[in-house]
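Written below as structure tokens is the structure these notes are about.
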Amino acid sequence: MKCSSRHPLVAALLLLASLVAISHGLHAEATASAVSPSSTVSPNEIRIAKFHDDRTSAVSLTFDDGLRNQNDVAVPFLDQYGLRATFFIIPGRTPETDEEAAKKKPGDWGGISWKRLKELAAKGHEIASHTWMHDALISTTPDGRRVDMEPAKLDEAFSRAYQAIKEKIGVAPFTCATPGNASDDTIRAAVHKYHPVFREHLMERFGDWPPSGKNFTTEQANAIVDRHIDGGTQMVWMIHAVTDGYNAQSGPEVLGNHLKYLKSREDVLWVDTYAAVSRYVMERDAAKLIASSSGNGATFSLQCPLDSKLFNDPLTVVIPAPGAVKAEAKRSGSAAPLPVTIRDGKILVEAAPSSDPVVVSWSGGKS
9 MKCSSRHPLV
19 AALLLLASLV
29 AISHGLHAEA
39 TASAVSPSST
49 VSPNEIRIAK
59 FHDDRTSAVS
69 LTFDDGLRNQ
79 NDVAVPFLDQ
89 YGLRATFFII
99 PGRTPETDEE
109 AAKKKPGDWG
119 GISWKRLKEL
129 AAKGHEIASH
139 TWMHDALIST
149 TPDGRRVDME
159 PAKLDEAFSR
169 AYQAIKEKIG
179 VAPFTCATPG
189 NASDDTIRAA
199 VHKYHPVFRE
209 HLMERFGDWP
219 PSGKNFTTEQ
229 ANAIVDRHID
239 GGTQMVWMIH
249 AVTDGYNAQS
259 GPEVLGNHLK
269 YLKSREDVLW
279 VDTYAAVSRY
289 VMERDAAKLI
299 ASSSGNGATF
309 SLQCPLDSKL
319 FNDPLTVVIP
329 APGAVKAEAK
339 RSGSAAPLPV
349 TIRDGKILVE
359 AAPSSDPVVV
369 SWSGGKS
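Structure follows, in structure tokens:
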């Protein structure tokens, strides 16, 4: 017998199954929308920024020898563009007063007084060590033999400079640069007895080499910085005389126009003292980020084994949050808000390393 239609009971069962399937599908779609990955950031996406404020690159301006023209010419440019620099000074050649400093030629070592250096430190500049007297740590005899400074004198070159800066400025010098950039295992050990950081790598010379020429241009300097921005790397300018003296420029505008360029690239470039950038990088590399998230909120801690008396600068923690318009962050147990910025679909939180968790919440994101 040929059957052209279903039995009424079979048809009813099929209809019921179809309705159940449709209902299940709608429920699944609603559930998927409610727990969409776009509403909760993955803890794996939360990260420590490579550089402060999630900038692409970092540059430090370091001035060697404490020359008078650095104070007379470079500092006004730094003030004009709101930039901070590092001054590697020679404490054993540094005069007490401005009157004594004025007697020196613009390019003479130790041309900035302790009084003025303390004022520069109060503005946020770093006063650091270039050893006590700038004596050669490694020298060569006329017949080509290498001569190393005696161990006791080597230690004194660093210890006396360290103590003088600590007493006169009120802040122990975090960084050090050696005369002629001399470096070996013995020198390195002597430096690190007093300073966490030694200017040994990442340097770019602001000027001609050999240093007798004055052909270095702002355009050359800008191109060097651009290369580091493109590579996402840290760099350190090594600057000596601005106008008169060793490795001087053709005129003050070479440095002035370059500082103007640095200021114009602040969207991608972090310009700060050598101590500030070095401290951030060391904390970043040592810190362990532990994060969790739920909805429009996240919690993280920054555990760092470094000495918190020396390494306590905030790190920038980046939380992806497309569409966020308002955010706040507080450390657990504290009512004080932490600095927060929203930019390019990301929340940037400034928090010093600590095992105490930071709680972040925001509104306006995808949900």
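Just so we're aligned, residue 9 is where the sequence shown starts under the working numbering, counting upward by one. Cβ coordinates follow ideal geometry from the N, Cα and C atoms, glycine included.
Between the alpha carbons of residue 117 and residue 100 lies a gap of roughly 10 angstroms.
Here residue 291 is buried: its Cβ has 16 or more other Cβ atoms, across all protein chains shown, within 10 Å. Taking all protein chains shown into account, residue 63 has 16 or more neighbouring C-beta atoms within 10 Å of its C-beta and is therefore buried.
If you check the CB distance, residue 190 and residue 72 do not come in under 8 angstroms. The stretch 190 to 200 makes contact with the stretch 142 to 155; the number of CB pairs closer than 8 angstroms reaches 3 or more. As DSSP reads the structure, residue 72 sits in a beta bridge with 96.
For the options 103, 236, 327, 205, the alpha carbon positioned closest to that of residue 287 is the one of 205.
Per the coordinates, the alpha-carbon of residue 223 lies some 13 angstroms from the alpha-carbon of residue 250.
Listed as beta-bridge partners of residue 184 by DSSP are 137, 206. Note on residue 76: 16 or more other CB atoms within 10 angstroms of its CB, so buried under the neighbour-count rule. Under the DSSP assignment, residue 88 falls in the alpha helix (DSSP H) whose first and last residues are 83 to 89.
With contacts defined as CB atoms closer than 8 angstroms, residue 79 and residue 120 qualify as a contacting pair.
Put simply, the backbone Cα of residue 364 is about 51 angstroms away from that of residue 107.
Contact between residue 156 and residue 198 fails: their C-beta atoms lie close to 11 angstroms from each other, not under 8 angstroms. Look at the beta carbons and you see the stretch 271 to 279 touching the stretch 50 to 65: at least three pairs across the two are nearer than 8 angstroms.
As computed with DSSP, residue 308 is found in a beta bridge with 299, 366. If you look at residue 325, you'll find it in the beta strand (DSSP E) that goes 323 to 328. Straight across, the Cα-Cα distance linking residue 160 with residue 254 is about 29 angstroms. In the structure shown, the three-state DSSP call for residue 273 is coil. Taking the CA atoms as reference points, residue 70 sits about 5 angstroms from residue 94.
Cβ atoms of residue 168 and residue 183 stay farther apart than 8 angstroms, at about 17 angstroms. With a cutoff of 8 angstroms on beta-carbon distance, residue 97 and residue 60 are scored as not near each other. The Cβ atoms of residue 244 and residue 306 lie no closer than 8 angstroms to each other. Rounded to whole angstroms, the separation of the alpha carbons of residue 312 and residue 230 is 35 angstroms.
For residue 226, the three-state secondary structure derived from DSSP is helix. Comparing alpha carbon positions, the residue from 220, 214, 282 closest to residue 91 is 282. Residue 354 holds the alpha-carbon nearest to the alpha-carbon of residue 371 among 354, 360, 361, 358. Under the three-state reduction of DSSP, residue 167 is assigned to helix. The C-alpha of residue 122 is placed about 34 angstroms away from the C-alpha of residue 347. Secondary structure of residue 333 (DSSP, three-state): coil. Membership of residue 125 in any beta strand (DSSP E) is not indicated; the residue belongs instead to the alpha helix (DSSP H) covering 122 to 130. With a 10 Å radius around the Cβ and a threshold of 16 neighbouring Cβ atoms, residue 334 comes out exposed. The residues 230, in chain order, have a CB closer than 6 angstroms to that of residue 269 in the same chain once the five nearest residues on each side in sequence are set aside. Contact annotation: residue 221 and residue 248 have beta-carbon atoms that are not nearer than 8 angstroms. Contact check for residue 320 and residue 360: beta-carbon distance about 5 angstroms, within the 8 angstroms limit, so the pair qualifies.
Non-local C-beta neighbours of residue 82 in its own chain, meaning closer than 7 angstroms and more than five positions away in sequence, comprise 71, 250, 263, ordered along the chain.
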